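In my numbering, the protein residues as written are 1018 to 1171. Every residue, glycine too, gets a C-beta built ideally from N, C-alpha and C. Just so we're clear, the structure is a prediction, and the values are computed from it rather than from any experiment. Working notes, structure below.
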């Protein structure tokens, strides 16, 4: 067993040593290796979906949704939303789409980008969900962890 181990060490050293690595005075520089072309052309790699693609998909399916959310923003009684509207920094982003047996809901975050001392972060002012069939808006109250149906003021 010792003889096999002693013979194995030089082979291991030989296999681990590569000609792609050249040493300089400070660091090792690795030269890039060329990858052979893919022979199988039947498989096509799909482009990754950008993180904000939900926005385009939802706007395509429900073109009325953006206007509904903008009208809610103008009539909102939430003080943080009013503050963001006042300084024109309010934006909304779709947080997801949930389809149920009878309907579907689009979750929306209302807020603005703000600087927190270390960088720019999105500050959520309010969470709402829009029923895609009835177009009713449900407001989520973060403080009480409950939601209620929003009634448009007269």
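By how many angstroms is the C-alpha of residue j removed from the C-alpha of residue i?
i	j	result
residue 1133	residue 1152	35 Å
residue 1139	residue 1101	12 Å
residue 1131	residue 1137	5 Å
residue 1121	residue 1166	15 Å
residue 1164	residue 1106	25 Å
residue 1104	residue 1079	28 Å
residue 1156	residue 1099	15 Å
residue 1150	residue 1077	15 Å
residue 1158	residue 1135	28 Å
residue 1123	residue 1111	7 Å
residue 1063	residue 1088	Below a pLDDT of 50, predicted positions are generally treated as unreliable, and residue 1063, at 45, falls in that range; the measurement from the model is reported next regardless. Each residue's Cα considered, the two are about 37 Å apart.
By DSSP, does residue i sit in helix, in strand, or in coil?
i	result
residue 1082	helix
residue 1141	strand
residue 1092	helix
residue 1168	coil
residue 1154	strand
residue 1076	helix
Considering only the beta carbon of each residue, do residue i and residue j sit closer than 8 Å?
i	j	result
residue 1090	residue 1082	no
residue 1145	residue 1168	no
Here's a check: name, in chain order, each residue in its chain whose Cβ is nearer than 6 Å to the Cβ of residue i, leaving out the five neighbours to either side.
i	result
residue 1128	1139, 1140, 1141, 1142
Which same chain residues, not among the five before or five after residue i, have their C-beta less than 8 Å away from its C-beta?
i	result
residue 1085	1147, 1152, 1154
Meets three-Cβ-pair contact criterion under 8 Å: the stretch 1084-1104 and the stretch 1112-1120: no
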